[in-house]
Amino acid sequence: MSLPEGWEMVVGLEVHTELLTRTKLFCGCANAFGAEPNTQTCPVCLGLPGSLPVLNRRAVELAMAIGLALHATVSPSTFHRKNYFYPDMPKDFQISQYDRPINAGGYLDLPDGSRVGIERAHLEEDTGKSTHLGGSGRIHGAERSLVDYNRSGVPLVEIVSAPDIRSAAQARAYAAELRGILIATGASDGRMEEGSMRIDANVSVHRVGEPFGTRCEMKNLNSLRSLQRAIDYEAERQYALVASGGVVRQETRHWDEDRGVTSTMRSKEEADDYRYFQEPDLVDLAPEASWVEAVRAGLGPMPAERRARLAALLAEPTEAQLDAVGTVVDLGVDGFVEAAVAAGVEADRAIARAANELAGDPEERPGLTGESFAATLRLEQTGDLSATQAKTVLSTIALSGGDPATVARELGFERMAADELEGLLERLIAEHPDEWRRYDEGDDKLAQFFTGQVMRATRGQADGKVVLDLLRARRG
Amino acid sequence: MARLSRDEVAKVARLARIELDEVELERFTDQLAQVLEHAADLEALDLAGVAPTAHPHGLVNVVRDDEVRASLDRAEVLAQAPDVAEDRFAVPRIIGEAP
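Chains as they are written, first to last, in the numbering used here: chain A, 38 to 513; chain B, 1055 to 1153.
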């Protein structure tokens, strides 16, 4: 979708990420997803009178790591109480950072070369999780909400971008790149489906050259796809409203993924009176230079650098190869590619196999090492295994480990002699004269037919590429 | 500084979910106004040479190690809830989402 000539959308994103700490931000309760409800609470995260928060050192370090990875400045900061009345916060306030955030002023460069400013990345605590039960809900007749405080007090960093984004696709690219960075810093697992990374989008439209329009904030964007769809929908809605003489009202809107629309959740002017004031139970946070530098020194390479490193292994990378490089980095399987290349595997093969075959959860391939990945690809490269066989060997080793050559033998994968294949092909051509005639006359689609026949006859052991070569050689 | 109005006090009370009757509203408007007037007195001081103070202790970076400590027993926690369902705190239905 696009707005008419002369109009543009302006988007800023607020990304909340839960930090991979062992404990919550201000107490020693475990920070772990998926526990039984209300088993990870204490007087601090339940907001009981007299309890006092104490800041988690690791959370501070992860927040600094995020800031540094985003080229922000780590500055002395304070904590504030953001007051609001809502049962997901038992204290009736959330401890957050207000006018003095820990990280301010940074940027994120996207793969397309555009740069998005980062206004701030501050520390705050997460809220409890509420489930709403309607009259027709699980509890008969009752209109109630149920709250689980396990998440109450889990450390968050909120990363606020500048309103530098001009399309839904760019917003998505920003969120994807940021996610990669959060994972690379070790701060987050980036799992949007579990809510450990959550995105709100501020969207407005205006005529180019005129001041920005009034913005609306989108919530409930639970995937990168939702983010992109919601922004496009919302920009279009606002444009239609303005074009027909209407006025955009500043409000929070809820994205409905099934219906593909946003709708009013609440009007801003009514709700946003948080009466921020400094949290009197916490002192200033002012990391000394040596602490900041220690965190900086601990940062590994970020996705952009890793992509460049892998792309440099390819002579003249095609678009598709660069996509595969991006996938490898997103999956965090650079190490497999590097091990394979070090073992003499061609880089494009290593990258393609890593992108396609290592897409699953790393925990689901406990048996696969860089070494066995490399050895399998070597067998494919020398022609001892066909591409299909190599994939089967990889998935077998992934589960139960083992040496690729041995596993291949156990699977009955033996290299088929070229003359054996020739004989088989001759027989198949004799059995299918019409198909052969059409192929011979130039219908390339029939190559697939013959390859399929060969694969069936050899139970997938033939090398598809070799079969194609043989077919071509036989053409008149 | 304009004196604090009753409407402003009523608004603050509403935000904090505190119910005030007419007499209380009158009394707290007066008391809160005195607090604000005291703050205004302080603002009148010339503090050009004084560094901002965030906390009277002057301490910074008070942190603890990221080590798990035992949480409370759930039965004990839920005993404090006004109502319980499915091992969760049951509250009157919430309209809309959190800010």
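Glycine included, each C-beta is placed from N, C-alpha and C at the ideal position.
None of these values were measured; they are calculated from a predicted model.
query                                                                                                                                                                                           : result
Cβ of B/LEU1086 less than 8 Å from any chain A Cβ?                                                                                                                                              : no
Check the C-beta distance from A/GLN134 over to A/PHE116 and give it rounded, since I have them as a contact under 8 Å.                                                                         : 6 Å
Leaving aside the five residues before and after A/ARG175 along the sequence, list all residues of the same chain whose C-beta is less than 6 Å from its C-beta, in chain order.                : For A/ARG175, the predicted model reports a pLDDT of 48, less than 50, meaning its position is unreliable; a value from the coordinates is still stated below. Excluding sequence neighbours, A/ARG175 sits near nothing in its chain.
Can you tell me whether A/PRO470 is helix, strand or coil according to DSSP?                                                                                                                    : helix
Would you list the residues sitting across from A/GLU55 in a DSSP beta bridge?                                                                                                                  : A/LEU193
What does DSSP give as the partner residues of A/ALA67 in its beta bridges?                                                                                                                     : A/THR60
Could you check whether the Cβ of A/VAL197 sits closer than 8 Å to any Cβ belonging to chain B?                                                                                                 : no
Listing by chain order, which chain B residues have their CB less than 8 Å from the CB of A/SER182?                                                                                             : ALA1144, VAL1145, PRO1146, ARG1147 and ILE1148
Using C-beta distances below 7 Å, list every residue in its chain close to A/VAL365, excluding the 5 sequence neighbours before and after it, in chain order.                                   : LEU347, ASP371, VAL374, ILE388, ALA391 and ALA392
Tell me where the alpha helix (DSSP H) around A/THR364 begins and ends.                                                                                                                         : 356-368
At the level of alpha carbons, what is the spacing between A/THR433 and A/LEU462?                                                                                                               : 30 Å
How would you call A/GLU576, buried or exposed, if buried means at least 16 neighbouring beta carbons within 10 angstroms?                                                                      : Beyond the ends of chain A as shown, which are 38 and 513, falls residue 576 of chain A; an answer cannot be given.
Going by CA-CA distance only, name the one from A/ALA499, A/ASP201 and A/ASP480 that's closest to A/ARG509.                                                                                     : A/ASP480
Given this structure, state the Cα-to-Cα distance separating A/GLY84 from A/ARG118, to the nearest angstrom.                                                                                    : 13 Å
Hey, which unbroken runs of the beta strand (DSSP E) at 3 residues or more fall wholly within the stretch 295-336 of chain A?                                                                   : 298-304
Assess contact between the stretch 184-191 of chain A and the stretch 1132-1143 of chain B, defined as three or more Cβ pairs (one per stretch) separated by less than 8 Å. Is contact present? : yes
Rounded to whole angstroms, what is the Cα-Cα separation between A/ARG95 and B/ASP1119?                                                                                                         : 7 Å
Assign A/TYR123 to one of three DSSP states: helix, strand, or coil.                                                                                                                            : coil
When DSSP labels each residue in this structure, what does B/PRO1146 get in the three-state scheme?                                                                                             : strand
Which residues bound the beta strand (DSSP E) around A/ASN257?                                                                                                                                  : 253-258
As a quick exercise: from A/GLU162, A/MET302, A/THR168 and A/ARG475, pick the residue whose alpha carbon is nearest that of A/ALA286.                                                           : It is Arg, not Ala, that sits at residue 286 of chain A in the sequence shown. Closest option to A/ARG286, Cα to Cα, is A/MET302.
Should A/THR54 be flagged as near chain B, meaning a C-beta pair shorter than 8 Å?                                                                                                              : no
Beta carbon of A/ASP371: closer than 7 Å to some heavy atom of the ligand SAH?                                                                                                                  : Absent from the structure shown: the ligand SAH. Ligands present: none.
Hey, A/ALA191 and A/GLU55: beta-carbon distance below 8 Å or not?                                                                                                                               : Reading off the sequence, residue 191 of chain A comes out as Val, not Ala. Yes; because the gap between Cβ atoms is below 8 Å, this pair is in contact.
Would you mind sorting A/VAL320 into buried or exposed? The rule is 16 or more other CB atoms within 10 Å of its CB.                                                                            : buried
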